[in-house]
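Peer 1:
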Amino acid sequence: NAGVTQTPKFQVLKTGQSMTLQCAQDMNHEYMSWYRQDPGMGLRLIHYSVGAGITDQGEVPNGYNVSRSTTEDFPLRLLSAAPSQTSVYFCASTREQGSQPQHFGDGTRLSIL
Amino acid sequence: GQQVMQIPQYQHVQEGEDFTTYCNSSTTLSNIQWYKQRPGGHPVFLIQLVKSGEVKKQKRLTFQFGEAKKNSSLHITATQTTDVGTYFCAGPVDGQNFVFGPGTRLSVLP
């Protein structure tokens, strides 16, 4: 069982570039989410999805898009990268929103120059 | 503003000393979860507390949920170097999505 798989693990972008962070889970979890982690601020929710075809905004959604065409995949798109988006990004999944443990991927360390 | 707070932000202890981190929510929580993140790693689920006043133990770790279900604590007895990392609490502040505290970073000096 792979759990939650994120790619790439590291990425360096120039300001204005776009890219997609990939996330896949093999646990048949309906609920998936994206967080960013910055020093001293814990994990902040960017976007989440309660099932295929359904997405919603979290605490810090600006500059990011998501889609959920299948239960397994939940990619995060940076539309036009900015230095403020330099962060570590974690994808997570859980069986039930708000009441079950979340399973995290290994993270993507993203630097915007 | 921050809806889930944790103190302290950092804690340095000598191996064998005890350690406690405290978590406070601005709202009553239906449950609270604790996660551990090793340096360079990802958060790993430790435990979930649901009942008012609940106390759960995992070997040297003791977790407590307050009577009002707005605060929680994690206590580690006789710390070891393997306990190094950042400990996060998280609660479904809006009833749905978990909000994470800023974490307490623990370093253990051998």
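Protein chains in written order, with our numbering: chain A, 188 to 300; chain B, 4 to 113. For every residue, glycine included, the Cβ atom is placed at its ideal position computed from N, Cα and C. Keep in mind it's a predicted model, so treat the numbers as computed, not measured.
1. To which residues of the same chain is Tyr-14/B closer than 8 Å at the C-beta, ignoring the five residues directly before and after it?
2. Could you name the residues that DSSP lists as bridge partners for Thr-107/B?
3. Look up Val-7/B in the DSSP assignment and give the residues it is bridged to.
4. Run the CB neighbour count on Gln-244/A, radius 10 Å, all protein chains shown included, and call it buried at 16 or more, exposed below.
5. Should Asp-97/B be labelled buried (16 or more other beta-carbon atoms within 10 Å of its own) or exposed?
6. Within 10 angstroms of its Cβ, does Gln-281/A collect 16 or more other Cβ (buried), or is it exposed?
7. Whose CA, out of Gln-9/B, Val-47/B and Asn-74/B, lies closest to the CA of Thr-30/B?
8. Check whether the Cβ of Val-58/B lies closer than 6 Å to any heavy atom of the ligand COA, and answer yes or no.
9. Just to confirm my understanding: we take Leu-265/A, look at its own chain, exclude 5 residues before and 5 after, and list those with CB closer than 7 Å. What are they?
10. State yes or no: is the beta carbon of Phe-103/B nearer than 7 Å to at least one beta carbon in chain A?
11. Below 8 Å on C-beta distance, what does Asp-293/A contact in chain B?
12. Nearest chain B C-beta to Pro-226/A closer than 7 Å, yes or no?
13. Determine the direct distance from the alpha carbon of Ala-239/A to that of Met-8/B, and round the result to whole angstroms.
14. Taking the Cβ atom as the reference point for each residue, do Asn-27/B and Gln-51/B lie within a distance shorter than 7 Å?
15. Quick one: Cα of Val-199/A to Cα of Lys-72/B, how far?
16. Compare the C-beta of Phe-66/B against all C-beta atoms of chain A and say whether one is closer than 7 Å.
17. In terms of residues, what are the limits of the beta strand (DSSP E) holding Lys-54/B?
Peer 2: Let's see:
1. Note that residue 14/B is Gln in the sequence shown here, rather than Tyr. Correct list, in chain order: Phe-22, Thr-24, Thr-107, Arg-108, Leu-109 and Ser-110.
2. Tyr-90/B
3. Ser-28/B
4. exposed
5. exposed
6. One point to set straight first is that residue 281/A is Thr, not Gln, in the sequence displayed. So Thr-281/A counts as buried.
7. Asn-74/B
8. Looking at this structure, you won't find the ligand COA or any other ligand, since it has none at all.
9. Ser-205, Met-206, Gly-250, Tyr-251 and Gln-272
10. yes
11. Gly-44 and His-45
12. no
13. 33 Å
14. no
15. 42 Å
16. no
17. First-last for Lys-54/B: undefined, no H or E at that position.
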